[in-house]
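Novice: One structure is given below, represented as structure tokens, and several questions about it will come after.
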Amino acid sequence: MAEKKYVVAIDQGTTSSRCMVFDKNGLPVVSDQMEHAQIFPKPGWVEHDAMEIWSRVQDVVRNALKKGNISTDDIAAIGITNQRETTVVWEKATGKPIYNAIVWQCTRTEDFCKEWQKTPGWEQDATGQGKVKDHTGLLINPYFSGTKIKWILDNTPGSREKAAKGELLFGNIDTWLIWNLTGGPNGGVHVTDVSNASRTLLMNIKTLKWDDEMAKFLDVPIAMLPQIKPSSAVYGNTIPGGPFGAAIPVAGDLGDQQAALFGQACYNKGDTKNTYGTGCFMLMNIGETPVLSKNGLLTTAGYSLEEGKCIYALEGSIAITGAAVQWLRDNLKIVDESPDSEYLANKVDDSGGVYFVPAFSGLYAPYWDMNARGIIAGLTRYVRKEHIIRATLESICYQTRDVVEAMNKDSGVPLAELKVDGGAVKNNLLMQLQSNILGAKVVRPVVNETTALGAAYAAGLAVGFWKNVDDLRTNWAKDLDFSPVWSDEKKEGGYKEWKKAIEKSKGWVDG
Ligand code: ADP
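Note that my numbering has the sequence shown beginning at 84, numbered continuously upward.
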């Protein structure tokens with residue numbers, strides 16, 4: 084058999100779906116991308132149409148293969164990476180979802196979560212310690228899939244009984260896509276990987292198996308849950324009638340942030356990456372033991388290359404970072420395009436004493452305050468729009484520093500270097516500010532599409548396209564690094580002001 088040339092990654096994100104083809108050097112050959120609708124039925128509710136997502140995924144696969152003139156004979160394997168936590172429940176017999184996909188950002192289960200935190204035996208303190216953390220590494224929060232599944236079952240009459248009989252299936256978007264790619268109602272495989280399963284509130288972080296006590300409390304029948312597999316393994320083959328038009332192994336599955344960790348070659352304990360997109364997600368490789376955070380971070384499955392084994396990560400998730408720049412663009416209309424934020428913020432020397440806490444949907448890590456709301460503090464008549472724009476970029480960096488502080492405390496080792504990726508890292512001012520505010524080196528790789536790359540790597544490893552992680556490490560190359568230039572006094576002075584602003588934003592909403 085001729086040697087294969089490519090691995091295909093399907094990157095199904097919150098706003099769009101992408102198909103990227105990578106060669107053996109981990110370089111992108113061709114890609115295609117399409118957006119899907121964001122559905123907002125009520126304030127704070129966010130949904131996607133899972134059928135539309137499946138349709139867009141098929142389109143981008145067909146388009147990318149056509150554009151790059153890629154023969155299916157040359158494809159070694161397919162890897163999936165996905166927006167995490169987003170929840171789909173569908174009928175096994177028809178492949179029809181019984182409700183729209185409930186997106187990770189959706190806050191509809193907030194009231195349930197607030198009650199849950201007060202339930203005897205399940206109490207959770209301000210740093211997130213409690214039974215849920217012990218079982219899952221996570222916290223009681225609407226962000227994760229568990230309460231979203233419960234909501235769908237509670238609100239669709241008869242569904243819980245059907246789910247218990249195995250007639251309804253649950254999946255995050257990875258599971259939904261793999262099931263459809265491998266045949267759907269006609270024998271599709273119902274699987275997920277540890278990284279996705281670890282975001283459901285239903286997987287035990289130590290055993291890497293579904294947790295009976297969690298499933299019982301959330302009233303989710305285990306029969307509807309997918310089989311948990313390593314992130315790198317052959318799950319099944321695509322059906323020839325699907326978008327690939329051939330039988331190709333689907334062999335990689337990683338939640339988007341864990342895929343970025345993998346694509347950034349963070350294979351050693353202590354290696355850390357931060358992804359700058361709609362939100363920011365910092366993950367630190369903590370090795371084979373699931374250390375639980377005492378400082379507001381999540382413990383999550385990083386990746387698994389072998390059944391029963393897992394490399395864990397500490398994660399600091401921040402909900403609103405690039406989305407704050409979008410808000411300047413769409414709501415305040417003071418930038419035309421997100422990249423213009425760099426040029427405009429460069430027109431002033433500093434933020435003019437302004438601090439912007441973009442807690443639009445509460446604060447995630449390390450504060451986890453569902454009642455926080457956004458504030459702009461320190462306004463005087465001196466302040467111009469450029470100061471607000473600069474304060475917005477700084478807010479991304481300060482929120483990241485909050486997470487780094489927590490990571491330093493949990494790991495006991497100060498961060499020496501941060502690998503960065505995601506749409507916003509092209510902004511050089513943002514990267515320089517990040518380095519100044521952290522007092523640490525910030526390193527940007529040549530291939531910025533690390534999420535898709537990580538999924539491709541996982542798939543390629545499973546079929547021997549790449550031999551081992553050393554092969555992948557040699558593919559990683561630096562584009563640019565940024566070193567801190569602020570004095571300690573300036574750095575710490577600014578951070579003190581930021582913490583003051585955070586205190587003002589906390590607990591803004593009653594409840
Ligand atoms: P996601 O995968 O979360 O959809 P991307 O990685 O595509 O996001 O990054 C897009 C986000 O980054 C948007 O929120 C956008 O406002 C922000 N962004 C993109 N380019 C820049 C830039 N040059 N400066 C600041 N923010 C940017």
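Positions of the beta carbon are idealized from the N, C-alpha and C atoms, including for glycine.
Everything numeric in this text was worked out from a predicted model, so none of it was measured.
If we call anything under 7 Å between Cβ atoms a contact, is A384 one with V277?
Specialist: Yes.
Novice: Should A407 and P441 be called a contact, given that it needs their Cβ atoms to be closer than 7 Å?
Specialist: Yes, these two residues count as a Cβ contact at 7 Å.
Novice: Taking the C-alpha atoms as reference points, what is the distance between G457 and I403?
Specialist: Near 10 Å, if we compare the C-alpha coordinates of I403 and G457.
Novice: Given this structure, state the Cα-to-Cα distance separating I394 from L366, to the nearest angstrom.
Specialist: One C-alpha to the other measures close to 12 Å.
Novice: Sorry if obvious, but does the Cβ on G506 come closer than 6 Å to a heavy atom of the ligand ADP?
Specialist: Correct: G506 has its Cβ closer than 6 Å to the ligand ADP.
Novice: If you measure from the CB of Q409, is any heavy atom of the ligand ADP nearer than 6 Å?
Specialist: Yes - the ligand ADP has a heavy atom lying nearer than 6 Å to the Cβ of Q409.
Novice: Assign M453 to one of three DSSP states: helix, strand, or coil.
Specialist: In this structure, M453 counts as coil in the three-state DSSP scheme.
Novice: Comparing C-alpha positions only, which one of G405, Y438, T475 and L397 sits nearest to N429?
Specialist: Out of G405, Y438, T475 and L397, T475 has the C-alpha closest to the C-alpha of N429.
Novice: In the DSSP assignment, find the alpha helix (DSSP H) that holds I520 and state where it starts and stops.
Specialist: Element bounds for I520: N511 to L521.
Novice: Quick one, which of W173, D562 and R527 has its alpha-carbon nearest I256's?
Specialist: If we check each option's Cα against that of I256, W173 comes out closest.
Novice: So, helix, strand or coil for R167, using DSSP?
Specialist: R167 falls in the coil class under three-state DSSP.
Novice: Beta-carbon separation of E398 and L381 under 7 Å?
Specialist: Taking 7 Å as the Cβ cut-off, E398 and L381 qualify as a contacting pair.
Novice: Can you tell me where the alpha helix (DSSP H) holding A330 begins and where it ends?
Specialist: Looking at the DSSP string, A330 is not in any alpha helix (DSSP H), and its letter there is neither H nor E.
Novice: State whether the stretch 336-347 contacts the stretch 531-538, with contact taken as three or more CB pairs (one from each stretch) at a distance under 8 Å.
Specialist: With a cut-off of 8 Å, the stretch 531-538 and the stretch 336-347 count as touching, because enough Cβ pairs lie within range.
Novice: Which residue from K87, P332, V186 and C196 puts its Cα closest to that of T98?
Specialist: If we check each option's Cα against that of T98, V186 comes out closest.
Novice: Thinking C-beta only, is E130 closer than 7 Å to I122?
Specialist: In this structure, E130 lies closer than 7 Å to I122 by Cβ.
Novice: In the DSSP assignment, find the unbroken alpha helix (DSSP H) run with C263 in it and report its ends.
Specialist: According to the sequence shown, residue 263 is Asn rather than Cys. That run of the alpha helix (DSSP H) goes I256 to L264.
Novice: Between the C-alpha atoms of H273 and R412, what's the straight-line distance to the nearest angstrom?
Specialist: Roughly 41 Å separates the two Cα atoms.
Novice: Quick check: the Cα distance between G325 and V303, rounded to an integer number of angstroms?
Specialist: G325 and V303: Cα-Cα distance of roughly 31 Å.
Novice: What is the rounded straight-line gap between the Cα of G266 and the Cα of A280?
Specialist: Distance between the alpha carbons of G266 and A280: 22 Å.
Novice: Who are the near neighbours of A298 in its chain, counting only those whose CB is closer than 6 Å to its CB and skipping five residues on each side?
Specialist: Excluding residues within five positions, the ones whose Cβ falls inside 6 Å are L285 and I305.
Novice: How many angstroms separate the CA atom of D562 from the CA atom of G353?
Specialist: Those two C-alpha atoms are separated by around 21 Å.
Novice: Using a Cβ-Cβ cutoff of less than 7 Å, which residues in the same chain neighbour L427 once the five nearest sequence positions on both sides are dropped?
Specialist: For L427, where only same-chain residues beyond five positions count, the Cβ hits under 7 Å are V418, E469 and I472.
Novice: Runs of 4 residues minimum, wholly inside the stretch 175-247: which ones carry the alpha helix (DSSP H) assignment?
Specialist: For the stretch 175-247, whole alpha helix (DSSP H) runs of length 4 or above, ordered along the chain, are 193-201, 214-219, 228-238 and 242-247.
Novice: Can you name the residues that DSSP bridges to D564?
Specialist: According to DSSP, which records beta bridges pairwise, D564 is partnered with V526.
Novice: Counting only the same chain and skipping the five closest in sequence on each side, list residues whose C-beta sits under 6 Å from that of V113.
Specialist: Here the set comprises V104, A147, K150 and G151.
Novice: Taking the runs of the beta strand (DSSP E) that are 3 residues or longer, which of them lie wholly in the stretch 98-178?
Specialist: Here the runs fully enclosed are 99-105, 111-118, 158-165 and 171-174.
Novice: Could you give the C-beta distance for S242 and I181, rounded to a whole number, given that I count them as a contact under 8 Å?
Specialist: Sure, about 6 Å apart at Cβ, within 8 Å.
Novice: So which of F253, A316 and S424 has the shortest CA-CA distance to G335?
Specialist: Closest option to G335, Cα to Cα, is A316.
Novice: Are the Cβ atoms of A455 and L446 separated by less than 7 Å?
Specialist: Closer than 7 Å, so yes.
Novice: Does I177 pass the burial test, meaning 16 or more other C-beta atoms within 10 Å, or should it be called exposed?
Specialist: The amino acid occupying residue 177 in the given sequence is Thr; Ile does not appear at that position. The residue in question, T177, is exposed, as its Cβ has fewer than 16 Cβ neighbours within 10 Å.
Novice: Return the residue from the list K216, C189 and V592 that minimises the CA-CA distance to Q200.
Specialist: Measuring from the Cα of Q200, the nearest candidate turns out to be K216.
Novice: For A120, verify whether its CB is less than 6 Å away from any heavy atom of the ligand ADP.
Specialist: It does not: the Cβ of A120 is nowhere closer than 6 Å to a heavy atom of the ligand ADP.
Novice: Cβ of K430 versus every heavy atom of the ligand ADP: is any distance shorter than 6 Å?
Specialist: No, the beta carbon of K430 sits no closer than 6 Å to any heavy atom of the ligand ADP.
Novice: Do you know offhand how far V143's Cα is from L501's?
Specialist: Cα to Cα, V143 sits roughly 32 Å from L501.
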